[in-house]
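So the structure is just underneath, and the comments pick up after that.
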Amino acid sequence: MLAPKYRHRVTIQDQVSVQDQSAGDETLQWVDVYVDVPAECLTGAGREAIHAQTVEAPTDARINFRWLPGVEQRMRVVWDGANYNITGMDTDSTGRRELRLKCQKGLTDGR
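Printed below as a string of C-alpha cells:
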C-alpha cells in the first residue's frame, strides 16, 4: 500500500448512551473511536430525493483505510466536516490489511 494513497484524514465515531445527571434521562452521543486516520476518500455523484416536502441530496462515498480493530457498520465516519453513515464494509483478501467502507452522506446526517 502506498502512503500517498491515504492523503485524507477521517475520524471514526460510535454512538453511546449517556445518562443525563440532572434529569436522569439517557441520550445518545457520538464519541470518537479513532481520530486522524489516514484514508482514501472517493465520492460519487449525488442524487436528489424528496423527504417531508424538502429536497435532500445524499452523496455516496467509498472510504478506504488500513485495517483497524473494532470498526463496525453501526459507526460513522467524519470527513472534511461531513458525517457519513457506513452502509457496507469490505476487507481485502486477507481480511486484515485494508477496510473498504461504502458510505452515504445526506439523508440522515450520520444519525
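Numbering-wise, our numbering comes out as the position in the sequence shown, counting from 1, plus 430. Quick reminder that beta carbons are idealized off the backbone N, C-alpha and C, glycines included.
Spatial distance of residue i from residue j (CA atoms)
i, j, result
"Asp466", "Glu456", "29 Å"
"Ala461", "Asp490", "Note that residue 461 is Val in the sequence shown here, rather than Ala. Answer to the nearest angstrom: the Cα atoms are 23 Å apart."
"Arg492", "Leu458", "26 Å"
"Ala512", "Cys533", "11 Å"
"Pro468", "Arg437", "6 Å"
"Cys543", "Lys435", "Because the chain is modelled from 431 through 541, residue 543 falls outside the range shown and cannot be assessed."
"Val448", "Glu528", "32 Å"
"Val501", "Asp522", "15 Å"
"Asp450", "Asp510", "30 Å"
"Pro499", "Thr473", "24 Å"
Opposing strand residues paired with residue i [DSSP bridges]
i, result
"Gln445", "Trp460"
"Gly518", "Lys532"
"Trp509", "Val440, Ala512"
Beta carbon of residue i nearer than 7 Å to that of residue j
i, j, result
"Gly518", "Pro488", "no"
"Arg526", "Trp497", "yes"
"Arg504", "Asn515", "no"
Per-residue burial, residue i [other beta carbons within 10 Å of its own, 16 or more giving buried]
i, result
"Ala453", "exposed"
"Gln443", "buried"
"Val440", "buried"
"Val446", "exposed"
Minimum Cβ-Cβ distance from residue i to chain B less than 7 Å
i, result
"Trp509", "In the structure shown, chain B does not exist; there is a single protein chain."
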